[in-house]
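In case it helps, the working numbering puts the sequence shown at residues 4 to 330.
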Amino acid sequence: MRGQVKTIVAVTFAAEALGALALWLRWRERADIEAPILAAVFHAVSAFCTAGFSLLADGLARFRADGASNAIVVALMLLGSLGFPVFQDLGRVARSLAARQRPPRLALHTRLALVTTGVLVAAGLVAALGLEWRGVLAPLTLPGHLLAAVFLAVTAQSTTGFNTVDTGALGPATLWLVMVLMFVGGSPGSTAGGVKTTTLATVVASVWATLRGRARVEAFRRTLSDEQVTKALALIGISLATVAVAILALLATQTGDALALTFEAVSAFGTVGLSTNLTPTLDAWGKAVVIAVMFIGRTGPLTLGFALAARARRRRIVYPPEKIMIG
Numbered sequence: 004m005r006g007q008v009k010t011i012v013a014v015t016f017a018a019e020a021l022g023a024l025a026l027w028l029r030w031r032e033r034a035d036i037e038a039p040i041l042a043a044v045f046h047a048v049s050a051f052c053t054a055g056f057s058l059l060a061d062g063l064a065r066f067r068a069d070g071a072s073n074a075i076v077v078a079l080m081l082l083g084s085l086g087f088p089v090f091q092d093l094g095r096v097a098r099s100l101a102a103r104q105r106p107p108r109l110a111l112h113t114r115l116a117l118v119t120t121g122v123l124v125a126a127g128l129v130a131a132l133g134l135e136w137r138g139v140l141a142p143l144t145l146p147g148h149l150l151a152a153v154f155l156a157v158t159a160q161s162t163t164g165f166n167t168v169d170t171g172a173l174g175p176a177t178l179w180l181v182m183v184l185m186f187v188g189g190s191p192g193s194t195a196g197g198v199k200t201t202t203l204a205t206v207v208a209s210v211w212a213t214l215r216g217r218a219r220v221e222a223f224r225r226t227l228s229d230e231q232v233t234k235a236l237a238l239i240g241i242s243l244a245t246v247a248v249a250i251l252a253l254l255a256t257q258t259g260d261a262l263a264l265t266f267e268a269v270s271a272f273g274t275v276g277l278s279t280n281l282t283p284t285l286d287a288w289g290k291a292v293v294i295a296v297m298f299i300g301r302t303g304p305l306t307l308g309f310a311l312a313a314r315a316r317r318r319r320i321v322y323p324p325e326k327i328m329i330g
């Protein structure tokens with residue numbers, strides 16, 4: 004436990020300090036930023052903690068063409084969404100390499116978190132470019148297209164909520180893409196929301212094993228237990244049910260566009276903060292629904308995870324199995 008706390012404190016302080024320094028060096032001569040030091044520290048902490056709060060009226064939109072600022076914030080968002088177990092595992096490998104020893108094998112958790120994060124961000128980037136090339140990205144230069152698409156994919160997947168383009172101007176297909184990324188979210192042990200990358204990876208591995216007719220669920224030459232697969236499916240199911248109820252509640256109490264209300268519900272569940280500019284127009288009932296979903300999204304899946312992780316008591320009665328038809 005003490006080692007984990009040291010890792011958390013060290014990684015957090017190092018990432019936020021380096022990020023703040025890098026942002027200050029980039030922003031110190033900008034006339035449109037008051038108190039560059041304060042702004043740099045605030046946004047570095049906000050990015051690494053996947054909070055998404057900004058001191059600037061337009062968020063980070065003024066930096067959409069600033070490659071360095073984009074790179075710094077994107078790196079902080081990604082690091083914040085990976086989770087401290089990943090850092091601890093990578094640190095173990097780094098220490099072995101520094102000592103010129105054979106590095107230990109990366110834990111399955113680390114591999115799934117890194118690979119799933121990479122796949123989600125890459126898929127989000129390509130899809131955003133294709134869907135918004137002549138849409139919200141049209142006024143930008145070619146490098147601007149890439150910067151904005153990368154930022155959109157990462158801010159949604161990491162559930163940070165920063166934005167460099169107007170979310171309300173995104174097309175319907177792009178909004179659905181962003182909702183998928185927000186629903187999955189970051190990795191366990193991080194400040195990111197969502198059902199988590201390893202949960203998605205477990206479900207995908209289970210589906211793949213079923214399609215291949217395999218009895219065991221495997222990933223990277225390791226077998227996932229039936230208990231883990233069941234937990235992942237339960238978490239996905241409860242999360243989908245929560246979002247569905249939230250969408251129905253918003254549709255029943257609000258008069259806004261159905262897609263915008265759906266986006267609002269998913270964003271609230273993932274504790275993201277992205278909006279199609281609908282939030283200020285919600286009435287008291289709508290705001291109450293969003294508040295409740297944000298609370299459930301932050302504590303519900305986490306609480307469920309702890310509950311599912313608790314060792315189940317063995318039952319003395321085992322009922323006989325019986326097959327049913329599926330599908």
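Glycine included, C-beta positions come from ideal geometry on N, C-alpha and C.
Predicted model, so just to flag it, every value in this text is computed and none were measured.
Option nearest arginine 224 by Cα separation, candidates Ala208, Ala235, Val187:
Ala208
Look at the Cβ atom of glycine 192, then the Cβ atom of proline 324, and state whether they are nearer than 8 Å.
no
Just to confirm the assignment, what range does the alpha helix (DSSP H) spanning arginine 98 have?
87-101
Arginine 108 - DSSP class collapsed to helix/strand/coil
coil
Pair within 8 Å by beta-carbon distance, glutamine 160 and valine 198:
no
Here's a check: name, in chain order, each residue in its chain whose Cβ is nearer than 7 Å to the Cβ of alanine 176, leaving out the five neighbours to either side.
Leu134
Going by the CB atoms, is the gap between alanine 151 and threonine 331 shorter than 8 Å?
This structure cannot speak to residue 331, because the chain is shown only from 4 to 330.
On the three-state DSSP scale, how would you describe glutamate 230?
helix
Simplified DSSP assignment, three categories, for arginine 225:
strand
Taking the continuous alpha helix (DSSP H) assigned at methionine 185, which residues delimit it?
175-187
What does valine 220 pair with, by DSSP beta-bridge criteria?
Leu227
Leaving aside the five residues before and after alanine 23 along the sequence, list all residues of the same chain whose C-beta is less than 7 Å from its C-beta, in chain order.
Ala43, Val44, Ala47
Can you name, in chain order, every residue of its own chain whose Cβ lies under 6 Å from the Cβ of aspartate 69, other than the five neighbours on each side?
none
Cα-Cα separation, arginine 156 to lysine 326:
Going by the sequence as given, residue 156 is alanine instead of arginine. Cα to Cα, the separation comes out at about 42 Å.
Does the stretch 240-247 come within contact of the stretch 128-146, defined as at least 3 CB pairs closer than 8 Å?
no
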